[in-house]
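Quick notes on the structure that follows.
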Amino acid sequence: MSGRISLIFIALLILFFVVPNIFNNREKAAFSNEERLEKAKQKYTISQLGDSVTVSISDYYDRGSLATYFLGEHYRDIWHTEFTLPVLDIDTLKGGLQFEKIGGGQQTISADVMSKSGRAYTLRSVDKDQSKALPPILQYSLARPLFRDQTAALNPFGAIITASLEKTADILHTTPIMYFVPYDSSWNEEFQLNMSGRVVIMEEEPGREWVNLKNFNNAIRIIDSDELIPEWQSSKIEIDTRNYLKCRLFDMLINDWDRHEGQWDWAVYNRDNKIIAKPIATDRDMAFYNFNDGLLNKVALQINNKFQSFTPEYEDISGLIRNSKELDLKLLAQMSKADFIETAEKLQSTFTDESIDAAFSKYPHSIYTTYGKLHKKTFKQRLAKLDEAAGEFYDLLNAHD
């Protein structure tokens, strides 16, 4: 009996740690820098391309019915649908961009670039590698492809659509544009290895390079949350908490559940002899998230409720504020329930059918036909219930455990 148990244990170890590292050609093609660079050299040399190219973001997430039963359908069709987007030429865009360094968080690869006029931008990979969030040992296990697959729950056009909606709501934000990065042998080798062959989003990198410019309403300083909080706590800066509340309700509207302190920069102004900071919303990767399909995902939601989905109902407000609650408690403690509901009602009156149509028309035509009308309808349904969600948000923040 003990021998049989040992054999079963060994078989499970092989399945969990050995098989994923042998039968992984598809993973290598999708996530290997070297393989992507070689493909870019063969198919996407800049001299062979025009101003635009027709590609898909990734075919890694295209799965059969059995896999989607367990892992969910998510936005798989968006990820592997071909569409046309502009080709990025760092030698000519914005008068020429100077590569600074490769950066990014755990899951996103990014490149910091600087224009000749001294403006800082970031190129962020649209595709993610969610396995980087795993402990090192599990990155060599079956958990790796499972985690990588969950990128399919992200809407790759979320940041583009959100920026249009933020403009309507008068929320400070970056202006993301999607590009395809080709291969050019004259470019920096580190840049080539990490960026060539990728679909990326280019946007401003809020900071001192953007002060006194209209992009962020002529702010006199732009700082991150780590700089803001001590200055606010020592009364050197006031925070426009009503504006922050509007931003947080907007986050709920678009179902962006990942809004911790690192997801905000702050534009600083001198108003009536007061130094006031307003939030700049950044990093909209989780907007319009779609997770609640697939057997394993439903189990995951019972363990961690933050993975909320963009559905007509606000399914679990406590999940939507899980990552942001610490900052919310700091900044919204002095606001009343009436403030929450009034702010929600103002947002409800801000959006028109025309502004909503314009935002969701940012989808490429090949994707709009599937998701444009659906997401416009879902957005309007959530908008109609935003005042109720605001009241529940207030109650959750002010609940006494």
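Counting from 49, one number per residue, gives the positions in the sequence shown under this note's numbering. Glycine residues also receive a C-beta, built at the ideal position from the N, C-alpha and C atoms.
If we count the other Cβ atoms within 10 Å of its Cβ and call it buried at 16 or more, is residue i buried or exposed?
i      : result
Ser179 : buried
Thr417 : exposed
Thr132 : exposed
Leu375 : buried
Gly120 : buried
Glu253 : buried
Phe57  : exposed
Gln356 : buried
Gln281 : exposed
Asp304 : buried
Asp99  : exposed
Val229 : buried
Ile185 : exposed
Asn338 : buried
Lys176 : buried
Arg74  : exposed
Gln165 : Per the sequence shown, the amino acid found at residue 165 is Ser instead of Gln. It is exposed - the Cβ of Ser165 has fewer than 16 other Cβ atoms within 10 Å.
Ile219 : buried
Leu380 : buried
Pro278 : exposed
Leu60  : exposed
Gly143 : exposed
Asn321 : exposed
Ile365 : buried
Thr359 : exposed
Asp306 : buried
Ile415 : buried
Asn340 : buried
Asp313 : buried
Gln96  : exposed
Leu171 : buried
Glu209 : Per the sequence shown, residue 209 should be read as Ile rather than Glu. Classification for Ile209: buried.
Gln311 : buried
Arg192 : buried
Compute the beta-carbon to beta-carbon distance between residue i and residue j, rounded to the nearest angstrom, for a pair I have assumed lies under 8 Å.
i      : j      : result
Val135 : Leu145 : No, Val135 and Leu145 are not in contact; Cβ-Cβ is about 14 Å, not under 8 Å.
Ala207 : Arg332 : 4 Å
Leu445 : Gln240 : Contact doesn't hold; Cβ gap of about 47 Å is too wide.
Ser158 : Ser173 : 7 Å
Lys410 : Phe205 : 7 Å
Leu182 : Phe195 : 6 Å
Ile126 : Asn203 : 7 Å
Asp435 : Gln396 : 7 Å
Leu377 : Phe399 : Their Cβ separation, rounded to whole angstroms, is 28 Å, which puts Leu377 and Phe399 out of contact at 8 Å.
Ala78  : Tyr123 : That pair is no contact at about 16 Å.
Leu344 : Leu190 : Not quite, the Cβ-Cβ distance comes to about 12 Å (not below 8 Å), so this is no contact.
Lys385 : Gly439 : 6 Å
Ile150 : Glu83  : That pair is no contact at about 18 Å.
Ile404 : Lys428 : 7 Å
Ala168 : Gly112 : Wrong, their Cβ atoms sit about 43 Å apart, outside the cutoff.
Within this structure, are the beta carbons of residue i and residue j separated by less than 9 Å?
i      : j      : result
Phe336 : Ile285 : no
Ser234 : Asp139 : yes
Leu293 : Asp197 : no
Asn353 : Gly367 : yes
Ala329 : Tyr317 : no
Ile287 : Leu276 : yes
His308 : Asn371 : yes
Glu361 : Lys433 : yes
Gln244 : Ala88  : The sequence given here places Ser at residue 244; Gln does not occur at that position. It is a contact, given that the beta carbons lie within the stated cut-off.
Ile270 : Trp258 : yes
Asn81  : Asn236 : no
Tyr455 : Tyr231 : No answer is possible for residue 455: it lies beyond the span of the chain, which begins at 49 and ends at 449.
Phe441 : Ile369 : yes
Thr289 : Gln350 : no
Using 8 Å as the Cβ pair cut-off and three pairs as the minimum, do the stretch 65-73 and the stretch 89-106 touch? No: fewer than three Cβ pairs fall under 8 Å.
Run through the stretch 96-168 for me and flag every whole beta strand (DSSP E) of 3 or more residues, listed as ranges in chain order. Assignment of beta strand (DSSP E) within the stretch 96-168, counting only whole runs of 3 or more residues, yields 100-103, 131-134, 145-151 and 158-163 in chain order.
Sequence ranges, beta strand (DSSP E) only - wholly within the stretch 199-285, length at least 3: Taken in chain order, the complete beta strand (DSSP E) segments of 3 residues or longer contained in the stretch 199-285 are 225-228, 247-252 and 269-272.
Would you call the stretch 391-410 in contact with the stretch 278-298, where contact means no fewer than 3 C-beta pairs closer than 8 Å? When Cβ pairs closer than 8 Å are counted between the two stretches, the stretch 391-410 is seen to touch the stretch 278-298, the count reaching three or more.
Three or more C-beta pairs below 8 Å linking the stretch 243-252 and the stretch 210-230: At 8 Å Cβ cutoff, the stretches touch.
Length-filtered (3 minimum) beta strand (DSSP E) runs lying within the stretch 378-416: Entirely contained in the stretch 378-416, not one beta strand (DSSP E) run reaches 3 residues.
What runs of the alpha helix (DSSP H), each 4 residues or longer, lie entirely inside the stretch 280-334? You should have 289-301.
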